[in-house]
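Engineer:
Protein chains: 6
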Amino acid sequence: MPKKIVGFGEIMLRLTPFHLNERLVQTNALQKAYAGAESNVTVALSCLGQDTWFVTTLPDHALGDGAINSLREFGVDTRLARRAGKRIGTYYIEHGAAMRASRIIYDRENSAMALAPPEAYDWYQILQGKDYFHTTGITPALSAACATATTQAIRTAKSLGVQVSFDLNFRRSLWTQDEGRAVLLPLMEHIDVLFANTGSVADVFAIGGDLPADWQGQVEATRAAAEALYRTQPFPLIALTVREHLSASENGWAGLLYDGNRFYESRKYHFHIVDRIGGGDAFTAGVLHGLCRGWDHAKTIEFATAASALKHTIPGDLSLFSENEVLEVAEGDHSGRVKR
Amino acid sequence: MPKKIVGFGEIMLRLTPFHLNERLVQTNALQKAYAGAESNVTVALSCLGQDTWFVTTLPDHALGDGAINSLREFGVDTRLARRAGKRIGTYYIEHGAAMRASRIIYDRENSAMALAPPEAYDWYQILQGKDYFHTTGITPALSAACATATTQAIRTAKSLGVQVSFDLNFRRSLWTQDEGRAVLLPLMEHIDVLFANTGSVADVFAIGGDLPADWQGQVEATRAAAEALYRTQPFPLIALTVREHLSASENGWAGLLYDGNRFYESRKYHFHIVDRIGGGDAFTAGVLHGLCRGWDHAKTIEFATAASALKHTIPGDLSLFSENEVLEVAEGDHSGRVKR
Amino acid sequence: MPKKIVGFGEIMLRLTPFHLNERLVQTNALQKAYAGAESNVTVALSCLGQDTWFVTTLPDHALGDGAINSLREFGVDTRLARRAGKRIGTYYIEHGAAMRASRIIYDRENSAMALAPPEAYDWYQILQGKDYFHTTGITPALSAACATATTQAIRTAKSLGVQVSFDLNFRRSLWTQDEGRAVLLPLMEHIDVLFANTGSVADVFAIGGDLPADWQGQVEATRAAAEALYRTQPFPLIALTVREHLSASENGWAGLLYDGNRFYESRKYHFHIVDRIGGGDAFTAGVLHGLCRGWDHAKTIEFATAASALKHTIPGDLSLFSENEVLEVAEGDHSGRVKR
Amino acid sequence: MPKKIVGFGEIMLRLTPFHLNERLVQTNALQKAYAGAESNVTVALSCLGQDTWFVTTLPDHALGDGAINSLREFGVDTRLARRAGKRIGTYYIEHGAAMRASRIIYDRENSAMALAPPEAYDWYQILQGKDYFHTTGITPALSAACATATTQAIRTAKSLGVQVSFDLNFRRSLWTQDEGRAVLLPLMEHIDVLFANTGSVADVFAIGGDLPADWQGQVEATRAAAEALYRTQPFPLIALTVREHLSASENGWAGLLYDGNRFYESRKYHFHIVDRIGGGDAFTAGVLHGLCRGWDHAKTIEFATAASALKHTIPGDLSLFSENEVLEVAEGDHSGRVKR
Amino acid sequence: MPKKIVGFGEIMLRLTPFHLNERLVQTNALQKAYAGAESNVTVALSCLGQDTWFVTTLPDHALGDGAINSLREFGVDTRLARRAGKRIGTYYIEHGAAMRASRIIYDRENSAMALAPPEAYDWYQILQGKDYFHTTGITPALSAACATATTQAIRTAKSLGVQVSFDLNFRRSLWTQDEGRAVLLPLMEHIDVLFANTGSVADVFAIGGDLPADWQGQVEATRAAAEALYRTQPFPLIALTVREHLSASENGWAGLLYDGNRFYESRKYHFHIVDRIGGGDAFTAGVLHGLCRGWDHAKTIEFATAASALKHTIPGDLSLFSENEVLEVAEGDHSGRVKR
Amino acid sequence: MPKKIVGFGEIMLRLTPFHLNERLVQTNALQKAYAGAESNVTVALSCLGQDTWFVTTLPDHALGDGAINSLREFGVDTRLARRAGKRIGTYYIEHGAAMRASRIIYDRENSAMALAPPEAYDWYQILQGKDYFHTTGITPALSAACATATTQAIRTAKSLGVQVSFDLNFRRSLWTQDEGRAVLLPLMEHIDVLFANTGSVADVFAIGGDLPADWQGQVEATRAAAEALYRTQPFPLIALTVREHLSASENGWAGLLYDGNRFYESRKYHFHIVDRIGGGDAFTAGVLHGLCRGWDHAKTIEFATAASALKHTIPGDLSLFSENEVLEVAEGDHSGRVKR
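Protein chains in written order, with UniProt numbering: chain A, 1 to 340; chain S, 1 to 340; chain C, 1 to 340; chain X, 1 to 340; chain B, 1 to 340; chain Y, 1 to 340.
In structure tokens, the structure reads:
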């Protein structure tokens, strides 16, 4: 029985050089797609079999249509999305390789989403009868209007008994720590599942500091951050990722769940990266899917980390995997043997 | 001896579907280029052999770099261009065919260019020793700051003895007729070469009305508009184009020069269109090139119309033709015979 | 208020050379899309604003997923589509030009759709509460099972008061005239809107013969066929198209409606073709849209013919136009002027 | 029963902008193929069902391998081709449109073919048992060595009773009229089938002068040139083409055969051009195919002109059509109706 | 002196996403090629310098033509291939990366090849005067007709003194172990060179069981399987491969020859994979090439393993390497130094 | 304050398969760019912020225009480049992977550059007022004329106080050791900065011999070569690179500076390669940039090696990085963390 899940956030036009390793100044064609932290999670949950809706504001022209189509294509219900305003947020990714970092140029200011008035969303109507509401720290950072809308959405969800899922996703390019904390901290008491990593925990909660260089040290720092977080606010579930930045092409990767009582830690992955953008969102979708399915935390964290690892092996932000495809990897088939 | 010509305006990121006839909602890749009414003219003049500079404001990131590179690639000197601000104006073209119109989505508000303060440009420094200054009605329409900068530029040019070339290019999507007239009309007395067509003359000067459907009627209406314009303001030279909209794929096309005394009219072209965007800018460049070369008006108008016709046969806004290539067509070789 | 419309048929994998004019033996890449006569109509109706469902059978693998996604992308509800069987029908188009005809290779035998047992569809469940049911003569031609399913669907629709729309679409490559007539003729009494042209009327009803070469003769022959058809069976509405085959690149085109009383004939179009496949389906969708909107027949036939003309100007089978975009053309704007 | 036909000449690397209408300075990718006047004819004959061999000299590296592969791909036997030398002749085509002419940059000097010593070819061995030998005026123009090889080949063919087919193909970029005449005129007495047009007849035989502008005048001038040619040398068969240069995108086209007794003239075609390079070679192959099949001249000239017309509708130099595909058009099916 | 080698099997249309790492549901274009286990071996042997023929049945349309062309392109003689039937077997590969497995969708049922009657092949005519006949366990698995044809081919080869090469290639998706054994085991006594790995030996001969995880264990299990196989049937030569599945992107790889007396083992390769499909076929071709050349087994196994390793570094099924290119690697040059 | 730097050499058309890992015989499209050892350095210096000119000879057609444009695009001043002659040097790269080496086919004989007479360059005019002159051992190897021009350029530079930078770049495909030494050795006394590696030192100076296989051995051999070189000629600065050829896809890499007194050695990089062509030129540009900036040798060598490492991660010969982008890596940020 699928659960009913509502995502809320901005979906952007995503443009990347036509050939994977080109720089932006080298290419004369761009791959065109649509993505955003919250819509990525929503699409992934739809591919995993959940019933999903995405709430956003998009301009009423061909680029907005394309964003709608990209959500519908993977089964997300867009009938709650608004069409208003003039521009779609846009970002350009130049994929790194080896010691060369990926670079993103954001062009999302004054987007239809950022300028949408909070009263445009009828949260009671939207959330009634739903099981989960998911958004991230990016949405309230887009504008004061979006911060208000996010706050109203979360409060309405809470009042309707809808589970609230929230990924801290602190973006220094969008707001300062002070601005972010003023908006985010009051929301924390309503969160049922919190997604974070050591970086976002430090930015939002001022917990933790410099990360150790070694993997084991990073895992321990992540556990410590989770415990400190829990002491600040006893979240029912905290989900965290640990990323080892070996290079732009190669990462170590693991996931952790903490329920205030014990930790559930996935196996560690070490993989060659095709496209790492959206890797965290795939993890988020994996955790939420495990919760929707009622799996135990040990199974859920392996599933979520496998989903995320798989995302790193395909181009684009989207985690386009079925539950079975993820389970094969979560259960340990990493041989890459051809499936005929 | 090439002349020294300065263009001023916004150069935008131009994105079009990868395959020529696709709609935006059908494509998953976009051709990437850079263009703008004023930069198109400047690039074309450079290809024709003039010494050119382009003055603009572009953000200091990879997309701004790309715009600079696209100008330098075709020989335009960009050392007078400013790098400041955050976003590059962007537009998306969906090329029409037959009865289906081309559609453009502009996303240029709040661009680095629109937000650039007028005092950022040192016009005395920029224009000293130059022969021509060219801009269009689009530049002052971008923002009040741009309107001020345009006015200052034109006045400085005048005071330095630099010839001022101006294309009315009235864009209803950027401002109202009242707004436009308030800015543009006071500039007219400084213009040495004015580029227009019946539409822009009506928008800016309230001259002329509905166009007759037939070609000869259109030509006559264009002549009448020129004469009325001249009575309003005795421009040393008025250059006009006449376009017969047979369909998105097929147009009739001719050019006219009026010096207050007599008309010089080019032969009429009738062509299949590959990409019509930038066709008017190619005409403008052709006229300015003829002036720079000191040709008589009869030769100049044939050259400018041929340059424009050629532009319609290649993708992109840019008129990438040498003087010789244009002359071949201007002198009547339309056979399309293979040149080996 | 949108109407509720159910389409039924096979959606196939459609593969065409990467560059528009290549032959199949020349290309090493293929454009990949999904299409079928009935799904094309359903997608077009969705783009025009109707509420649509598509009923079909597709294999449960990535190519079947892709077909589902391609329907959802444009707003068609696919929750009534079945996933079963092993193969997706496939076809390859080599687009013609000038005197070179387009060629299609069908590879659709034994598809999941053709092998689906009629009892797999619960028509009562599917059609209850819907306004229109649409299918074509291709569906019953796929297999005896599909013929049975089609018959059951139409009868159920009729019994539920759902309007039945049917396009004769006689395909000689799928069955003989005798086979086709045995299945199709008994269905005719249930049809509310019949789509045909002189060729399919001759194949199914043995009405009419050789077509005159001239346009006016063709129009008259089409009118005569409609009248003869009506005498055979008093269809509430017959919609017909007339195509003048000037070459693979250029066609004349018009539409006719006949209500047993009078004819409504659209203006004649003469256009350069980008991709003519799906042109008839766009017409069908246009007529159904006019009926859904309650327009008079004169408006409907102009709308339908405009929709079809527009389809010829874009690649792919699908008519991806909004109601407004079609209305602009239907109301006479064929100038191809750039819309900014 | 297929005939055995040997072609002799240079096959070059052919590079064209990735998108059909781009200029070379606009594109950052090139379509890669291999072609040459003589190999084009040989490939076309193979596609029509004849047994073919191609004699040439190609360097022994990947680009030479590619040329060999491109011949084998379409059934030409390359076991008589030599592998020696260092470079492959190369040419770049920029396809024109409307009044913009196509432009070709040749880079074929010092190619392996041009530098091959005449004694490298054992013509007795090569031609023994064959039915036809075909080459063109381009081959002897490549170098003195190639002129010698061509002369030896033609003489050996003659002595072995192999029919000699020769296309004048005079290229002013390769040699002067004087140089060409010195080599070509002595060969004429050995030619069984001569291919020409008014231009090449004027260049090689100083026959005829300025062409009239109208179609009928051109046809008559072509007939007159054939008769004058026949008086110079009573060729068993002269095949000629007439091209009306309406623009780079649109041509009139017809073929003529003259056997010294009467003319056989094909219907006139008027077509939109995708790629006109190789159109003459397709005609040549069509005539030779008719001769191989023993068709009467009236059928042969319709077939050859249809083959040539079809070639204009596909990209590349090669005429990739089966006998049946050409016959459909030769027999008058120009409707472009979809063949399913 | 090249040997004469006949391959027999199905050649399929092979379709893969346009960009290497895309999933099928992400791409809108597919790379188009043709491949099959037996044709891959035949093409590779042709590239290595042997004289090759391929026997198969292909439909007589453009996709069948393409398959023929793809064989001829690389020098395979296709004049013994039959053209009959309606469909070409087709498969779609989604290339994996890291822990994500490659996935293949086969759509080959009811292909022209599967439906070809055994009597359609005149094996005596085909095999007379040839040196080697090669096929695999896939061919008899296609249909009962193909099983009969395979048996007849092998028996005819034997009776004519043609060496029989056979790759077990057991495909569980095509038949059961019982079905396979019933057909394959009676053929074994005729085989001169058997290609296998531990998996296929287990499937066909029920020899061996679970593989150890470590490389050395795998090599030993492979040796043990070969010895057990030899005890079952004293094959003149058994060739085996060992693959270490580190991930979809990275494999260990070695080859073994066993002549009943001793083992010849290649060095172990460890490589990053571009496309692993066809890697085994390249190995097979390498062994057969060594036999044709009369090399000793030690040289042959290094050559075959190097050929296979090289295949993994290029896209497509085909091993497009010359003997010299393989020898460089076989003799130890793995530095990847640029060859200028 | 940027320095003024003049590069001199041949810029070639560079063609590579459209998809990165294809072989030339597999592809039907080629990526088109322009590159050469000396122009690569010049472009890189321009991207790093220096003022640059490139002196060369290019034919006056579209391919020569493209080369000019490619230099201007990245800010190089081409007004000193000559337009004369007929052909542009061309090279084709097939990128290797794993144990498969990259292969380059050069087609540069008789290029406009090779045939340019030495007196065509007015070195006094060109070099007056400049700070650096850079060329490599490839330029004098192109022809006797180029050797003379190179010698004259270096002598003129010296006499004008322009610093001379020279990369030995010995190419065995262009000349023999004896030929090379006769030209190069007399130039050495004028060189201010010499670029070399153990291979080129052995070829030109007969210093050093077989390289040890291990990294440390290679570094020591490189140091020894530098010292021996310095004893031969006390170059003010010798810059050397050490490359560990792990495979075509993976290299170790470091840089060394030797001023006759002490060595400055960069950290060692170990990276996955996207395209290694131009890696040495990026290093050269990095060293020259450090000299222009007046950095100490320790900083310069880290910068140059970082620039070179970055070049290996992008397609093409060109090192398109800003000073800041290189500094990030030079200062140790190799994590590949996304920069937003």
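Each residue gets a CB set at the ideal place from its N, CA and C atoms; glycine is no exception.
Is any beta-carbon of chain Y found at less than 8 Å from that of A:Arg108?
Structural biologist: Judged by the 8 Å Cβ criterion, A:Arg108 is not in contact with chain Y.
Engineer: Looking at the structure shown, is A:Trp53 part of a helix, part of a strand, or coil, going by DSSP?
Structural biologist: strand
Engineer: My understanding is that C:Tyr269 touches C:Thr241, with C-beta atoms under 8 Å, so please give their C-beta distance in whole angstroms.
Structural biologist: Wrong, their Cβ atoms sit about 11 Å apart, outside the cutoff.
Engineer: Could you tell me the alpha carbon to alpha carbon distance between B:Arg155 and B:Phe54, rounded to whole angstroms?
Structural biologist: 18 Å
Engineer: So which residues on chain A does B:His312 lean against when the C-beta distance must stay under 7 Å?
Structural biologist: Neighbours of B:His312 on chain A: none; closest Cβ ~12 Å, over 7 Å.
Engineer: Using a Cβ cut-off of 8 Å, pull out every chain C residue sitting near S:His245, in sequence order please.
Structural biologist: Within chain C, the residues near S:His245 are Ser335, Gly336 and Arg337.
Engineer: Where do the ends of the alpha helix (DSSP H) carrying Y:Tyr258 lie?
Structural biologist: First-last for Y:Tyr258: Glu250 to Tyr258, but that is the beta strand (DSSP E), not the alpha helix (DSSP H).
Engineer: With respect to the beta strand (DSSP E) encompassing Y:Val193, which residues constitute its N-terminal and C-terminal limits?
Structural biologist: Run containing Y:Val193: Val193 to Ala196, per the beta strand (DSSP E) assignment.
Engineer: On a Cα-Cα basis, can you pick out the residue from C:His289, C:Pro17, C:Thr176 and C:Tyr230 that is closest to C:Lys3?
Structural biologist: C:His289
Engineer: Could you tell me which uninterrupted beta strand (DSSP E) segments, each at least 3 residues in length, are contained entirely in the stretch 42–104 of chain C, listed from first to last along the chain?
Structural biologist: Whole beta strand (DSSP E) segments, 3+ residues: 51–55 and 90–94.
Engineer: Quick one: list the residues of chain B neighbouring C:His61, beta-carbon separation under 8 Å, in chain order.
Structural biologist: Ile105
Engineer: Where does A:Ala282 sit, in a helix, a strand or coil, going by DSSP?
Structural biologist: helix
Engineer: Short of 8 Å Cβ to Cβ, which residues in the stretch 66–93 of chain C face chain A?
Structural biologist: Within the stretch 66–93 of chain C, the qualifying residues are Asn69, Ser70, Arg72, Glu73, Phe74 and Gly75.
Engineer: Give the interface partners of Y:Gly96 over in chain B, defined as CB-CB distance under 8 Å, in chain order.
Structural biologist: Those are Thr313, Gly336 and Val338, listed as they occur along chain B.
Engineer: So X:Ala309 contacts chain C; which residues on that side make the cut at Cβ distance below 8 Å?
Structural biologist: Ala98 and Met99
Engineer: With 16 as the cutoff for other CB atoms within 10 Å, does A:Leu185 come out buried or exposed?
Structural biologist: exposed
Engineer: Do the stretch 195–204 of chain B and the stretch 162–172 of chain B meet, that is, are 3 or more Cβ pairs less than 8 Å apart?
Structural biologist: yes
Engineer: Going along chain F, which residues have a C-beta under 8 Å from Y:Val25?
Structural biologist: You won't find chain F in this structure, because its protein chains are A, S, C, X, B and Y.
Engineer: Please classify B:Tyr124: is it buried, with 16 or more other beta-carbons within 10 angstroms of its beta-carbon, or exposed?
Structural biologist: exposed
Engineer: Quick one: which residues of the stretch 159–184 of chain S get their C-beta closer than 9 Å to a C-beta of chain C? List them in chain order.
Structural biologist: Arg171, Arg172 and Ser173
Engineer: Have a look at the DSSP bridge pairing and note the partners of S:Lys32.
Structural biologist: S:Leu15
Engineer: Using a Cβ-Cβ distance cut-off of 8 Å, determine whether C:Ala114 contacts chain B.
Structural biologist: no
Engineer: Under DSSP, the alpha helix (DSSP H) around A:Glu227 begins and ends at which residues?
Structural biologist: Start and end: Trp215 to Thr232.
Engineer: Starting from B:Ala29, find everything on chain C with Cβ-Cβ shorter than 8 Å and list it in chain order.
Structural biologist: Phe18, Ala29, Leu30, Gln31 and Lys32
Engineer: Given that Y:Glu22 touches chain B, what residues does it touch there, using C-beta distances under 8 Å?
Structural biologist: Ile314 and Pro315
Engineer: What residue from B:Lys86, B:Ala248, B:Gly278 and B:Glu119 has the CA that sits closest to B:Gln152's CA?
Structural biologist: Shortest Cα-Cα distance from B:Gln152 to any of B:Lys86, B:Ala248, B:Gly278 and B:Glu119 involves B:Glu119.
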